[in-house]
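S.K.:
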Amino acid sequence: MTRWSPQSYLKAGRQAGVSESILQNAVQTAKQMKHRCPPIFTLKHLAHLTDVPYPFLHRTISRKYRAEAYNVFKLKKQNAGHGPDRFRWICAPTEDLLRVQRWINTHILSKIQPHEASFAYDNRNGVLETAQLHCGATWLIKLDLTNFFESILEPQVYELFRSFGYQPLVAFELSRLCTRVRATGNPDQRHGNNTPSAPHNHLDVIGA
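Under the UniProt record's numbering, think of the first position of the sequence shown as 1, with each following residue one higher.
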């Protein structure tokens, strides 16, 4: 994706006959963006940027046709025995949702500096450099949090996108594209496991 240019945007908009007030409002909105995140003006604009059909994005955000967005299945954990938690649920986004989530991860989330104490899913340091932080420690505590990614709620993801400078409606739409409704019927929208945006979202939400 090429860097957004207000001059090019204004020129193309004027040639297309868009009113000057709309163009200037869009430019002012773009100037509010932080961390060099790309401006997104509407859901149709996002559809154009990601090459994902607008009707699909609209259905996903409105939570219609949920089976169209994710393939949900379970895998048995290694060395899990026969307990009730021996399976791990996987929520794999379908092709169109995968494309837009990868775009969000590449062009938005990956531009944000994670919390200084977080090293998972971060290419700043390798495994060796990360392990060296614990050399000489008296204790090392290892934890495995149950359903960690799905513990992240939609309002938290929404506030994250708002902090980047996105307008309320766009931030809401982005948060809906990164979360899903759990099969239990719980109205809380939660972050899906095994999605491209999951690692950076959890790093940024926790570090916020």
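Just so it is clear, CB atoms sit at the ideal spot from N, CA and C, and this is done for glycine as well. Since we're looking at a predicted model, the values are computed, not measured.
Under three-state DSSP, which class holds Trp103?
M.R.: Of the three classes helix, strand and coil, the one that applies to Trp103 here is helix, per DSSP.
S.K.: So what's Pro187 in DSSP terms, helix, strand or just coil?
M.R.: Residue confidence is low: Pro187 scores 48 on pLDDT, short of 50, so the model does not pin down where it sits. Its coordinate-derived value is still stated next. Reduced to three states, the DSSP call for Pro187 is coil.
S.K.: Three or more C-beta pairs closer than 8 Å, one from the segment 100-117 and one from the segment 162-179: is that the case here?
M.R.: With the cut-off at 8 Å, the segment 100-117 and the segment 162-179 touch.
S.K.: Could you check which residue in Val181, Ala117 and Asn147 has the C-alpha nearest to that of His134?
M.R.: Checking every option, the nearest Cα to that of His134 belongs to Ala117.
S.K.: Going by beta-carbon coordinates alone, are Val27 and Tyr9 separated by less than 8 Å?
M.R.: Closer than 8 Å, so yes.
S.K.: Mapping DSSP to helix, strand and coil, what is Ala30?
M.R.: If DSSP states are grouped into helix, strand and coil, Ala30 belongs with the helices.
S.K.: Would Leu43 and Glu173 qualify as a contact pair, given that the criterion is a beta-carbon distance under 8 Å?
M.R.: Their beta carbons are under 8 Å apart, which means Leu43 touches Glu173 by this criterion.
S.K.: Classify Thr179 as helix, strand or coil using the three-state DSSP reduction.
M.R.: Three-state result, Thr179: strand.
S.K.: What residues in its chain sit with their C-beta under 8 Å from that of Thr94, if we drop five residues either side in the sequence?
M.R.: For Thr94, where only same-chain residues beyond five positions count, the Cβ hits under 8 Å are Glu68, Ala69, Tyr70 and Asn71.
S.K.: What do you get for Tyr65, buried or exposed, if any count of 16 or more other CB atoms within 10 angstroms of its CB means buried?
M.R.: By the 10 Å Cβ count, Tyr65 comes out exposed.
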